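Visitor: Here it is, the structure, as structure tokens.
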DNA sequence: GCCTGCGCCGATAACGTTGTCATATGGAAC
DNA sequence: GTTCCATATGACAACGTTATCGGCGCAGGC
């Protein structure tokens, strides 16, 4: 910038004015400066700008795994909102590891991001308190923050699952299995609650062996299905607590040569092309990302008020309901 | 940092030393400094550090759409490599818009990223020359850079398609349709070449109406299929130039109530569960990302030498080959 | 002719780090 | 006791911007 000033025969500050489109520069001078910029291939160093201004025009997104379609859709929506606000986006995957989440988040803070969007892996976010006090905005998505009061955008996990299970019940199913994720995960626990609620509401008391809650794993899913399908009164339907479980269950069912009426939480690409079609409780990851990002930027623009908790409804997408086999005789 | 120094009764520089684990600080002093850091909730401002050191420990990734599974898998691999090298990752989606690609790239450069990984949307990357001269490393992925000589990691698009089409031919197909993306896209053009090559090699001369090259769009795919399936000699097999086309074709075929032997470029989640199974020419996006990122960091570590061009082989994943209907009698 | 106000521009001080060099301190060697 | 070296610490400049403020020229009103 100094070189540009020298070449254009003006002061540093004048170059700065031109670069930032500030008023108070004669067109002639501005033109000379622009020519010098062009000639020298000058580009402003945003690091220095950040240092001086205190605002970085960037936000950080911490999620579980950018490779997962659910999160990548969410990420894309966040990026679009950030772009509209002239912000760049840092992304990082925590792999569901609280330590890594913390590392990533603090690394973003050290870069002085203006705000954070976090899909929590940790149950304790008090480590963020100094940052928040220092002015960083944070919005949590998919799961609430741990031990601190913060904005959060959620899906109606319990209600959605309830609706999905009721759908199965209304189609005549009585023996319905449930495979969910690790119960330590917030969403997994809530969805499971939706299942037990819907079953209880219908006066059904599922066997203990029909519920499996564990990190998705082919062997475990296969074993769970084997148990559920054994004996004289096997399950006739299955609810899967997330898309990874759904995929594993479909694959293992195919391997076992069995089919079940299946409802899954989270939509799947191609779900409509499978036979039988898979009914799903769909979240809208893009909408979640959009809403969270917009809330973040409202906070950054100075919007006050207490922490918000926004819960989005899920949508039951019925596919191939006709395929759901009615309860076989004998029950 | 000044405050920390004051509270610990030491000079600024000593705090800096402690923060950076530099040698030459008595354990006692270091402990006092650490206590002050803890008490004040101090965290180093990396913007200032960047300004001073000239290295940002961050890289930028410009891709077409982070929401697309192919790119998100690639992105995840890049992130992992970056993490191993202590770097953070900026990501941005260009939406196949050259202007947006340029904007994003230059914004990353203004933040002084150490390096760039770019999936090009533009045919002219001369705008990067000043940046590269200034020391930014750049590796291109999936498509080569335009008008400049730069490292690039590619798939064997032509060879992969050739192999996929030959697979169909070996299974007895003679009338094979091709639906690809906009021929202006590098990969789309090369894949199409693989199709024409394989057909010619087998002495087949496909009708013009059996090839459609255009941005994926449901209506257009449906129309293309209608034409290909009309008349006394309809196509018996179809090659789809990328996963978006494959999905559209599957959907439209289902709507038309027809099935075709289908081979697609790019793998699909759940492709194994469809009936008939979909044979694909699989790229490994994670591998591409990993290799590109590792090359980038080698360049950043000072590795010289001419620009590299790395071409990765594709893998033909046969699924449900039994389902491929042999050429009907009459031909 | 002098003062006032306004529009353009420049000098200088920050922003929060780190690199360089100088200084203090203490112990070992003579 | 003096010299010397090593080690711990500090003062200060520099990184590349932007904010503040002041100066300078020029037009207009008395």
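Residue numbers (our numbering), protein chains in the order written: chain B, 71 to 401; chain X, 71 to 401.
Cβ atoms here follow ideal geometry from the backbone N, Cα and C, with glycine treated the same way.
All values derive from a computational prediction rather than experimental measurement.
Any idea what DSSP makes of residue 178 of chain B, helix, strand or coil?
Guide: In the first chain, the residue the question calls residue 178 of chain B occupies position 108. Three-state DSSP puts residue 178 of chain B in a helix.
Visitor: Helix, strand or coil for residue 189 of chain X, going by three-state DSSP, please let me know.
Guide: Locating residue 189 of chain X in the second chain gives position 119, counting from the first residue. The answer is coil: DSSP assigns residue 189 of chain X none of H, G, I, E or B.
Visitor: Cα separation between residue 105 of chain X and residue 195 of chain B?
Guide: Locating residue 105 of chain X in the second chain gives position 35, counting from the first residue. Locating residue 195 of chain B in the first chain gives position 125, counting from the first residue. Cα-Cα distance, rounded: 21 Å.
Visitor: Is it right to say residue 22 of chain B is buried, meaning 16 or more other beta carbons lie within 10 angstroms of its own, or is it exposed?
Guide: Since the displayed chain B opens at 71 and closes at 401, residue 22 of chain B lies outside it and no answer follows.
Visitor: So the candidates are X:238, X:288, X:279, X:287; which of them puts its Cα closest to the Cα of residue 300 of chain X?
Guide: Taking the first residue of the second chain as position 1, residue 300 of chain X is located at position 230. When only C-alpha atoms are compared, the closest one is X:279.
Visitor: Compare the C-beta of residue 282 of chain X with all C-beta atoms of chain B and state if any pair is closer than 8 Å.
Guide: Here residue 282 of chain X corresponds to residue number 212 of the second chain, with the count starting at 1. The beta carbon of residue 282 of chain X sits no closer than 8 Å to any beta carbon of chain B.
Visitor: With a threshold of 8 Å between beta-carbons, can residue 318 of chain B be considered close to chain X, or not?
Guide: In the first chain, residue 318 of chain B corresponds to position 248, counting from 1. Closer than 8 Å: no.
Visitor: For residue 271 of chain X, count neighbouring C-beta atoms within 10 Å of its own C-beta (all shown protein chains included) and say buried if the count is 16 or more, exposed if not.
Guide: Sequence index remark: in the second chain, residue 271 of chain X carries index 201 (1-based). By the neighbour-count rule (16 or more Cβ atoms within 10 Å), residue 271 of chain X is not buried but exposed.
Visitor: Show which residues of chain B have a CB atom less than 8 Å away from the CB atom of residue 149 of chain X.
Guide: What you label residue 149 of chain X is simply residue 79 of the second chain in a count that begins at 1. Residues of chain B passing the Cβ test: 136, 161, 162, 163.
Visitor: Determine whether the Cβ of residue 82 of chain X lies closer than 8 Å to any Cβ atom of chain B.
Guide: One-based indexing of the second chain puts residue 82 of chain X at position 12. Answer no: the Cβ-Cβ gap between residue 82 of chain X and chain B never drops below 8 Å.
Visitor: Using DSSP bridges, identify the partner residues of residue 132 of chain B.
Guide: Within the first chain, the letter at position 62 stands for residue 132 of chain B. DSSP lists B:162, B:188 as partners of residue 132 of chain B.
Visitor: Evaluate contact between the segment 325 to 337 of chain B and the segment 289 to 296 of chain B, counting only Cβ atoms and requiring at least three cross-stretch pairs below 8 Å.
Guide: yes
Visitor: So, for residue 226 of chain X: in the same chain, excluding its five sequence neighbours on each side, which residues have a beta-carbon less than 8 Å away from its beta-carbon?
Guide: For the purposes of this step, residue 226 of chain X is taken as residue 156 along the second chain, with counting starting at 1. Result list for residue 226 of chain X: 381, 382, 383, 384, in chain order.
Visitor: Can you give me the C-alpha to C-alpha distance between residue 221 of chain B and residue 192 of chain B, rounded to a whole angstrom?
Guide: Here the question's residue 221 of chain B lines up with position 151 in the first chain. Here the question's residue 192 of chain B lines up with position 122 in the first chain. For residue 221 of chain B and residue 192 of chain B, the distance between alpha carbons rounds to 16 Å.
Visitor: Which residues does DSSP list as the beta-bridge partners of residue 352 of chain X?
Guide: In the second chain, the residue the question calls residue 352 of chain X occupies position 282. Residue 352 of chain X pairs with X:385.
Visitor: Pair every Cβ in the segment 241 to 256 of chain B with every Cβ in the segment 304 to 321 of chain B, then say whether three or more of these pairs are closer than 8 Å.
Guide: yes
Visitor: List, in order along the chain, the chain X residues whose C-beta lies closer than 9 Å to that of residue 168 of chain B?
Guide: The residue labelled residue 168 of chain B in the question sits at position 98 within the first chain. Near residue 168 of chain B there are no residues of chain X at all, since even the closest Cβ is about 16 Å away, more than 9 Å.
Visitor: Which same chain residues end up closer than 6 Å to residue 248 of chain B when comparing Cβ atoms and leaving out the 5 residues on each side of it in sequence?
Guide: Here residue 248 of chain B refers to the residue found at position 178 when the first chain is read from its first residue. If we look at residue 248 of chain B and ignore the five residues flanking it on each side, its Cβ neighbours are 265, 281, 309.
Visitor: Mind checking if residue 111 of chain X is an interface residue toward chain B, Cβ cutoff 8 Å exclusive?
Guide: Along the second chain, one-based indexing puts residue 111 of chain X at 41. Closer than 8 Å: yes.
Visitor: Decide if residue 159 of chain B is buried, meaning its Cβ has at least 16 other Cβ atoms within 10 Å, or exposed.
Guide: As a working note, residue 159 of chain B is residue 89 in the first chain. That one is buried.
Visitor: Given this structure, state the Cα-to-Cα distance separating residue 147 of chain B from residue 357 of chain B, to the nearest angstrom.
Guide: For the purposes of this step, residue 147 of chain B is identified with residue 77 of the first chain, where counting begins at 1. For the purposes of this step, residue 357 of chain B is identified with residue 287 of the first chain, where counting begins at 1. Near 7 Å, if we compare the C-alpha coordinates of residue 357 of chain B and residue 147 of chain B.
Visitor: Which of the three DSSP states is assigned to residue 79 of chain B in this structure?
Guide: By one-based count along the first chain, residue 79 of chain B stands at place 9. Under the three-state reduction of DSSP output, residue 79 of chain B falls in the coil class, being neither helix nor strand.
Visitor: Starting from the Cα of residue 276 of chain X, find the closest Cα among X:181, X:284, X:285, X:263 and give me that residue.
Guide: In the second chain, the residue the question calls residue 276 of chain X occupies position 206. Nearest neighbour of residue 276 of chain X by Cα position, chosen from X:181, X:284, X:285, X:263, turns out to be X:263.
Visitor: Given this structure, state the Cα-to-Cα distance separating residue 128 of chain X from residue 164 of chain B, to the nearest angstrom.
Guide: As a first step, residue 128 of chain X is located in the second chain; it is residue number 58 there, counting from the start. As a first step, residue 164 of chain B is located in the first chain; it is residue number 94 there, counting from the start. Spanning the two alpha carbons is a distance of roughly 17 Å.
Visitor: Which residue's Cα is closest to the Cα of residue 236 of chain X: X:199, X:350, X:202?
Guide: Here residue 236 of chain X is taken as the residue at index 166 of the second chain, counted from 1. The option with the nearest alpha carbon to residue 236 of chain X is X:350.
Visitor: Kindly say whether residue 200 of chain B, judged by its beta-carbon, lies nearer than 8 Å to any beta-carbon of chain X.
Guide: The residue given as residue 200 of chain B occupies position 130 in the first chain. Answer yes: the Cβ-Cβ gap between residue 200 of chain B and chain X drops below 8 Å somewhere.
Visitor: How would you write the range of the alpha helix (DSSP H) that residue 256 of chain X sits in, first residue to last?
Guide: For the purposes of this step, residue 256 of chain X is identified with residue 186 of the second chain, where counting begins at 1. From DSSP, the alpha helix (DSSP H) with residue 256 of chain X extends over 256 to 271.
Visitor: In terms of DSSP beta bridges, what is residue 309 of chain X paired with?
Guide: Translated into positions along the second chain, residue 309 of chain X becomes position 239. In the DSSP secondary-structure assignment, residue 309 of chain X is bridged to X:248, X:333.
Visitor: Tell me which residue opens and which closes the beta strand (DSSP E) that residue 424 of chain X is part of.
Guide: In the structure displayed, chain X extends from 71 to 401; residue 424 of chain X sits before or after that span and is not available.
Visitor: Out of X:177, X:252, X:267, X:140, which has the shortest C-alpha to C-alpha gap to residue 232 of chain X?
Guide: As a first step, residue 232 of chain X must be located in the second chain, where it is residue number 162. Among X:177, X:252, X:267, X:140, the Cα nearest to that of residue 232 of chain X is on X:267.
Visitor: Using 8 Å for Cβ pairs, my map puts residue 286 of chain B next to residue 251 of chain B. What's the rounded Cβ distance?
Guide: As a working mapping, residue 286 of chain B is identified with position 216 in the first chain. As a working mapping, residue 251 of chain B is identified with position 181 in the first chain. Residue 286 of chain B to residue 251 of chain B, Cβ: 6 Å. Contact.
Visitor: Within the continuous beta strand (DSSP E) that includes residue 281 of chain X, where are the two ends?
Guide: Residue numbering aside, residue 281 of chain X sits at position 211 when the second chain is read from its first letter. Unbroken beta strand (DSSP E) run through residue 281 of chain X: 281 to 283.
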